[in-house]
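Residue numbers (UniProt numbering): 1 to 529.
We put the beta carbon where it would ideally sit given N, CA and C, even for glycine.
A quick note: this is a predicted structure, and the numbers were derived from the prediction, not measured.
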Ligand SMILES: Nc1ncnc2c1ncn2[C@@H]1O[C@H](COP(=O)(O)OP(=O)(O)OP(=O)(O)O)[C@@H](O)[C@H]1O
Ligand SMILES: O=c1[nH]c(=O)c2[nH+]cn([C@@H]3O[C@H](COP(=O)(O)O)[C@@H](O)[C@H]3O)c2[nH]1
Ligand SMILES: NC(=O)CC[C@H](N)C(=O)O
Ligand SMILES: [Mg+2]
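Written out as structure tokens, the structure is:
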């Protein structure tokens with residue numbers, strides 16, 4: 001067990017860390033992922049990071065790819081102090097072009113753009129970066145290229161279109177590669193990244209989830225101290241539950257979890273979450289039944305953005321009221337707030353590309369509690385979703401909860417299109433429960449990233465038992481995705497859809513028809529509102 005007094009408060013001070021400077025490539029976060037896969041810790045920061053403002057020293061630096069051209073007027077450039085760190089540097093695509101630009105400016109538009117597979121020819125087998133890397137497929141995505149060898153560098157590998165496919169300045173330990181080793185289409189990319197991180201940078205390979213749990217618990221104990229208390233909003237979703245479990249391990253009952261029943265949760269959700277979190281995981285949890293308040297405020301509202309804002313604001317009011325009721329035994333005020341922030345959220349907020357257009361306002365309780373003046377604890381902020389799941393399994397969070405599909409904060413309110421009433425929520429809830437039950441029975445739950453039923457505000461004619469019916473329509477949605485930014489609809493067997501449709505129409509009062517949504521994201525979004 002790690003003792004709190006030995007542990008610095010930043011993770012990058014505990015583990016040897018490779019710094020990834022992000023120039024905006026769509027693959028940047030994968031560099032971090034790959035390194036962690038062989039137990040080297042890596043952290044990504046924007047390319048504009050001032051090196052003098054880093055309060056830790058990386059073991060090595062990777063400059064990522066990016067959409068800009070290094071020779072363009074508005075192109076982003078790395079802080080030249082990076083060379084003063086005296087650690088190995090690897091430039092990938094734009095990153096290599098940046099190194100070449102700094103060392104001689106020999107970068108220009110190529111006569112041929114190159115997107116997709118290319119064959120790597122390793123010309124210099126002695127280069128430490130290419131140890132164990134054969135002439136194999138690599139993945140390219142560039143329009144610019146090097147037209148001259150930068151001062152002090154040698155050619156290490158070529159490809160048909162890139163005479164400077166890999167270059168090295170062995171004395172300075174600076175390397176550049178035109179292809180993307182971080183994508184799985186580069187067959188031996190992981191070997192190359194490992195050569196860089198482990199052999200060249202000599203980073204320790206001690207990053208593991210078990211180590212992470214120990215250091216994280218010790219870090220929290222040190223941060224919070226022996227008496228302070230912490231609150232957190234917990235939904236029963238993976239992120240907040242895993243966060244709560246870590247807090248429980250770190251400070252026991254000095255962590256107060258608050259679950260809000262907003263009246264638009266799924267079937268039996270409140271009871272199940274309560275049981276799992278309290279009886280199963282021993283978490284100190286308060287359940288607040290605020291369903292009348294939420295449904296009252298949603299009365300007559302049909303606009304999706306208005307619904308989201310009302311729910312977001314009401315969550316805050318309820319949460320603040322509950323937080324004020326907690327009187328810590330120490331007599332001190334509550335000082336900290338737990339948030340289930342994940343690494344993708346962090347990446348989004350540190351991106352130097354500027355804010356993208358708001359498609360819909362995602363509600364996040366913690367993120368909105370700005371004026372509460374509480375200090376944040378974010379134990380998951382270094383992790384990706386599948387790492388959080390792994391962590392949950394190690395912490396003994398039940399398998400079903402760890403693998404639960406994500407459920408949005410505004411809940412069924414954005415799955416009941418049009419006005420949200422108790423009756424409408426009941427129809428959506430029952431249909432959703434049947435759909436999910438059948439998915440689980442068919443063994444498809446884990447293959448699908450998210451599935452649900454939405455209730456449409458249209459009526460349609462049907463016939464049941466020789467009687468004319470005139471009732472609403474349920475739309476089923478099931479998607480496959482890795483990051484929820486893009487998604488495709490899931491292909492069910494016809495017999496499966498037939499069974500679900502028949503059960504819903506027969507068992508749920510108020511439904512006359514069932515449809516299956518076959519739109520990808522984009523152009524649609526996952527949720528209907
Ligand atoms: N009903 C709720 N009661 C209390 N807090 C909630 C509730 N719904 C959402 N939250 C808070 O909002 C945060 C964001 O919700 P979000 O759905 O993104 O995450 P999650 O529920 O923890 O995990 P998942 O993405 O797997 O559903 C949660 O982590 C939790 O802090
Ligand atoms: O916590 C959340 N609060 C929200 O307001 C919210 N809106 C959408 N989602 C979830 O985000 C993912 C992408 O959904 P969209 O394509 O509909 O934006 C999907 O997983 C959605 O379920 C939300 N999650
Ligand atoms: N993927 C990249 O980093 C591309 C770099 C640069 N924008 C080019 O087109 O060559
Ligand atoms: Mg959730």
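{"Item": "With a CB to CB cut of under 6 Å and the five nearest residues on each side skipped, what residues in its chain are close to residue 480?", "Value": "449, 488 and 490"}
{"Item": "Could you have a look at residue 356 and say whether DSSP puts it in helix, strand or coil?", "Value": "Residue placement at residue 356 is poorly supported in this model, since its pLDDT is 42, which falls under 50; the coordinates still yield a value, given next. Coil."}
{"Item": "Identify whether residue 378 lies in helix, strand or coil by the three-state DSSP scheme.", "Value": "coil"}
{"Item": "For a minimum of 3 consecutive residues, which ranges assigned as the beta strand (DSSP E) are wholly contained in the stretch 98 to 159?", "Value": "107 to 119, 137 to 146 and 154 to 158"}
{"Item": "Does the beta-carbon of residue 233, which I'm using as the reference point, lie nearer than 7 Å to any heavy atom of ligand 1?", "Value": "yes"}
{"Item": "Got a sec: does ligand 4 put a non-hydrogen atom nearer than 7 Å to the Cβ of residue 344?", "Value": "no"}
{"Item": "Suppose the cutoff is 8 Å on Cβ atoms and the five residues either side in sequence are ignored; what does the same chain contact list for residue 395 look like?", "Value": "213, 242, 245, 246 and 249"}
{"Item": "DSSP state of residue 399, grouped into three classes?", "Value": "helix"}
{"Item": "For residue 254, which residues in the same chain have their Cβ closer than 6 Å to its Cβ, ignoring the five residues on either side in sequence?", "Value": "229"}
{"Item": "How is residue 523 classed by DSSP in three states: helix, strand or coil?", "Value": "coil"}
{"Item": "Where does the unbroken alpha helix (DSSP H) through residue 274 begin, and where does it stop?", "Value": "269 to 274"}
{"Item": "Give me, in chain order, the residues of the same chain whose beta-carbon lies closer than 7 Å to that of residue 169; leave out the 5 immediate sequence neighbours on both sides.", "Value": "152 and 153"}
{"Item": "Would you say residue 409 touches ligand 3, meaning its beta carbon is less than 7 Å from a heavy atom?", "Value": "no"}
{"Item": "If you follow the beta strand (DSSP E) that residue 90 is in, where does it begin and where does it stop?", "Value": "89 to 92"}
{"Item": "Could you tell me the alpha carbon to alpha carbon distance between residue 39 and residue 257, rounded to whole angstroms?", "Value": "32 Å"}
{"Item": "How long is the line joining the alpha carbons of residue 483 and residue 29, rounded to whole angstroms?", "Value": "12 Å"}
{"Item": "Is the beta carbon of residue 428 less than 8 Å from the beta carbon of residue 444?", "Value": "no"}
{"Item": "In this structure, what does DSSP give as the bridge partners for residue 477?", "Value": "452"}
{"Item": "What are the boundary residues of the alpha helix (DSSP H) that includes residue 319?", "Value": "304 to 325"}
{"Item": "Run through DSSP, which three-state label would residue 78 get?", "Value": "coil"}
{"Item": "Helix, strand or coil: how does DSSP classify residue 292 here?", "Value": "helix"}
{"Item": "I'd like to check one pair, residue 294 with residue 273: are the Cβ atoms closer than 8 Å?", "Value": "no"}
{"Item": "Considering only their Cβ atoms, is the gap separating residue 165 from residue 88 smaller than 8 Å?", "Value": "no"}
{"Item": "Restricting to Cα atoms, I'd like to know which of 158, 386 and 472 is closest to residue 535.", "Value": "One cannot answer for residue 535 here, as it falls past the ends of the chain, which runs 1 to 529."}
{"Item": "Can you pull the DSSP bridge partners for residue 468?", "Value": "463"}
{"Item": "Going straight from the alpha carbon of residue 301 to that of residue 220, what length do you get?", "Value": "42 Å"}
{"Item": "Flag this pair as yes or no: are the beta carbons of residue 141 and residue 93 separated by less than 8 Å?", "Value": "yes"}
{"Item": "Mind reading off the beta-carbon distance from residue 415 to residue 527? Whole number of angstroms is fine, and I expect it under 8 Å.", "Value": "7 Å"}
{"Item": "Would you report the Cα separation of residue 223 and residue 215, rounded to the nearest angstrom?", "Value": "12 Å"}
{"Item": "Could you tell me if residue 259 is buried or exposed, where buried requires 16 or more neighbouring beta carbons within 10 angstroms of its beta carbon?", "Value": "buried"}
{"Item": "Using the beta-carbon count (16 or more within 10 Å), is residue 207 buried or exposed?", "Value": "buried"}
{"Item": "Any heavy atom of ligand 2 closer than 7 Å to the CB of residue 526?", "Value": "yes"}
{"Item": "Let me know the secondary structure DSSP gives residue 343 once reduced to three states.", "Value": "helix"}
{"Item": "Return the chain-ordered list of same chain residues with a C-beta closer than 6 Å to the C-beta of residue 236, the five sequence neighbours on each side being excluded.", "Value": "273"}
{"Item": "Per the contact definition of three or more C-beta pairs closer than 8 Å, is the stretch 502 to 519 in contact with the stretch 422 to 441?", "Value": "yes"}
{"Item": "Taking the alpha-carbon positions, what's the residue 217 to residue 83 distance?", "Value": "35 Å"}
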